[in-house]
Amino acid sequence: MSTSDTKWSDLAVRMASAAVMVVVGLAGVAIGGHPFNAMVAVICGLCVWELVRMLAPQAPAQALQLGLLSGAALLVSAYLPAGWALPILLAPMMVGFGLMSQHRTIFMSYAVMVQLAGFGIMSVRGDLGFGWMLWLVVVVVVTDVGGYFAGRLIGGPKFWPRVSPKKTWSGTAAGWVAAAIVGWITIALTGATSGLIGISIALSMASQMGDIAESAIKRHTGVKDSSTLIPGHGGVLDRFDGMMGASVFLLIVGQIIGFPPGLV
């Protein structure tokens, strides 16, 4: 097999899995409400399950327990006032801190991000509606897709080869450009101010940070993928790490800058 063939060998499987995820994801976003909240809770619960499996492979029962507890806590938090939701969200992390015998700091830091990301995603869909939830998803998707194709077509210097050997500066920058285009189109459709382009680029960067953070955990624990649940993509955490970073960023920064810009 040639180098060119090897470079694209996983594309068909990745595209097929991605198509299924897009259909299911768009259906959930379009429906909203209870089904959407349940979908987000399941995804985040699986992410925590995979996280614990990577950090403590010798304790599969703990991974299952903490994954179920995290998903349930997130789902309950969706129906509580924000002040009461926060301790419910964090409770599984405290339980995990007590159960785990190693990598406690990594677990707490990343699992908290997963929970806050899930809460942020549900808040965007519930408070801002389908359109802005779609904008968030599209920014994350084009960041990943733009980076994937630009990295393989252009190549060039690696972004952080020790942690993420396939990520290049060309792919990273392509993600920013793609996110800016999404922001520009969204301005034309919604009447938001030009600041949305900057927010879209920053969201792209936060998405990439989420990806890098998960790559660092995998490198630290010596695993290639968080699991094998999604053909061609690895685990749920491998696929949604970017969404985690972007959602946490929007949840925090949106309170500071007033979001959507020009419409609030």
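So that you can map any letter, position 88 of the sequence shown is 74 in this note's numbering, and since no number is skipped, the others follow by simple counting.
Positions of the beta carbon are idealized from the N, C-alpha and C atoms, including for glycine.
**Report entry** Own chain, CB closer than 7 Å to W170, minus 5 neighbours either side, in chain order
**Finding:** Taken in chain order, the residues that qualify are I183.
Requested in this report: Would you kindly work out how many angstroms separate the C-alpha atoms of R39 and L237, rounded to a whole number?
Outcome: Those two C-alpha atoms are separated by around 27 Å.
Query raised in the report: Apart from the five residues just before and just after G124, which ones in its own chain have a Cβ nearer than 7 Å to its Cβ?
Result: The residue asked about is misnamed: residue 124 is Val in this sequence, not Gly. Excluding residues within five positions, the ones whose Cβ falls inside 7 Å are V168.
Query raised in the report: Which of the three DSSP states, helix, strand or coil, is assigned to K152?
Result: The three-state secondary structure of K152, taken from DSSP, is strand.
Query raised in the report: Candidates F105, Q51 and L41: which alpha carbon is nearest V62's?
Result: Of the listed residues, the one whose Cα sits closest to V62 is F105.
Requested in this report: Can you say whether G231 is buried or exposed, counting buried as having 16 or more other CB atoms within 10 angstroms of its CB?
Outcome: Buried, by the Cβ-count rule.
**Report entry** F226 - containing alpha helix (DSSP H), residue span
**Finding:** Element bounds for F226: V222 to I243.
**Report entry** Coil, strand or helix - K204 by DSSP
**Finding:** K204 falls in the helix class under three-state DSSP.
Report task. Put I183 into one of helix, strand or coil per three-state DSSP. Result -> Correct three-state label for I183: helix.
Requested in this report: State buried or exposed for K153, treating a residue as buried only when at least 16 other CB atoms are found within 10 Å of its CB.
Outcome: With 16 or more other Cβ atoms within 10 Å, it is buried.
Query - Nearest-angstrom beta carbon gap, S233 and A103 [assumed within contact, 8 Å] - result: Going by Cβ atoms, the distance from A103 to S233 rounds to 4 Å, so yes, they are a contact pair.
Query - Residue(s) in a DSSP beta bridge with K210 - result: Its beta-bridge partners do not exist; DSSP assigns none.
Report task. With a 10 Å radius around its C-beta and 16 neighbouring C-beta atoms as the bar for buried, classify L139 as buried or exposed. Result -> With fewer than 16 other Cβ atoms within 10 Å, it is exposed.
Query raised in the report: For L75, which option in L54, L60 and Q44 has the closest C-alpha, if you only look at C-alpha atoms?
Result: Of the candidates L54, L60 and Q44, the one whose C-alpha sits nearest the C-alpha of L75 is L60.
**Report entry** Contacts around T158, its chain only, beta-carbon distance under 7 Å, and the 5 residues preceding and following it disregarded
**Finding:** Setting aside the 5 residues that flank it on each side, T158 is surrounded in the same chain by G133, F145 and Q194, each with a C-beta closer than 7 Å to its C-beta; the list follows chain order.
**Report entry** Own chain residues within Cβ distance below 7 Å of G115, not counting five before or after
**Finding:** Once the five neighbours on either side are set aside, G115 has no close Cβ partner at all.
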